[in-house]
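These notes are about the structure you will find just below.
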Amino acid sequence: DVKVTQSSRYLVKRTGEKVFLECVQDMDHENMFWYRQDPGLGLRLIYFSYDVKMKEKGDIPEGYSVSREKKERFSLILESASTNQTSMYLCASIEDRGFYEQYFGPGTRLTVT
Amino acid sequence: AQTVTQSQPEMSVQEAETVTLSCTYDTSESDYYLFWYKQPPSRQMILVIRQEAYKQQNATENRFSVNFQKAAKSFSLKISDSQLGDAAMYFCVGGSNYKLTFGKGTLLTVNP
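Going down the list, the sequences are from chains Z and A. At position 4 of the first sequence (counting the first as 1) the number is 4 in our numbering, and the numbers step up by one without a gap. Each number in our numbering comes from the position in the second sequence (counting from 1) with 1000 added on.
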């Protein structure tokens, strides 16, 4: 089974802190994604990566950056956390550019105080 | 670009009954896919069913089936013989160029 893991289930940070959210997949998938989930808004794409060191902005990239130094790991970075970034963050991966199932991690609930 | 609309924020169904969740979409792409994902209280997002837009035949997976009306841009999910474990948030999702667009979700409650 494909497994996508995220470094934390719950995280509490202070305003202005630099925050790293880590995602690791174990199936050699090329494409990885970071989403943000808020009640009543569904999931919104922040960034995605289609190869090591390659990235593209999604629908809401402002305030975020990403890093993909190794194929299995995709990190989301909040350079200076703000309260409006309090949310659920979900990582996902798919095998290639064909349209197969996206496999999701369990999510990280981030609270910025 | 795609938009996905779920007009039912909440639905409820009696155990063993059938329920249909509605979804409409809009897209300028000629090649796209449609999905239903469920997210139970555990928060793990799980694929329920997948439909390729170029296929006319409606997809089915055990108790789950879709009614795909391409001209009307409609993609509804039917759950037959509902079970308590079906209680979850259901998302209608459109995909093209390996990007997904999510609807806002429908919270399904299953009453015993």
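Glycine included, every Cβ here is placed at the ideal spot set by N, Cα and C.
Boundaries of the beta strand (DSSP E) harbouring A1088(A): 1088 to 1096, taken from the DSSP string.
Its Cα nearest to that of Y1054(A), the residue D1031(A) stands out among D1031(A), A1016(A), A1088(A), P1009(A).
Contact fails between the stretch 1013 to 1025 of chain A and the stretch 50 to 62 of chain Z, because fewer than three Cβ pairs, one in each stretch, are under 8 Å apart.
Among the residues of chain Z, none has a CB under 9 Å from the CB of G1085(A); the nearest is roughly 18 Å distant.
Minimum Cα-Cα distance from C1092(A) among the listed residues W1036(A), P1040(A), D1086(A), E1029(A) corresponds to W1036(A).
For the pair Y1025(A) and Q1002(A), the CB atoms are nearer than the 8 Å cut-off. Taken in chain order, the complete beta strand (DSSP E) segments of 3 residues or longer contained in the stretch 1008 to 1065 of chain A are 1010 to 1014, 1019 to 1021, 1024 to 1027, 1033 to 1039, 1046 to 1052. Chain-ordered, the chain Z residues with CB closer than 7 Å to the CB of G1105(A) read G42.
The DSSP assignment places complete beta strand (DSSP E) segments of no fewer than 3 residues inside the stretch 38 to 87 of chain Z at 42 to 51, 54 to 57, 65 to 70, 73 to 78, in order along the chain. Short of 8 Å from the beta carbon of L11(Z), and not among the five residues preceding or following it, lie these beta carbons of its own chain, in chain order: V19, L21, T108, R109, L110, T111. Counting the other Cβ atoms within 10 Å of the Cβ of Q6(Z) gives 16 or more, which makes it buried.
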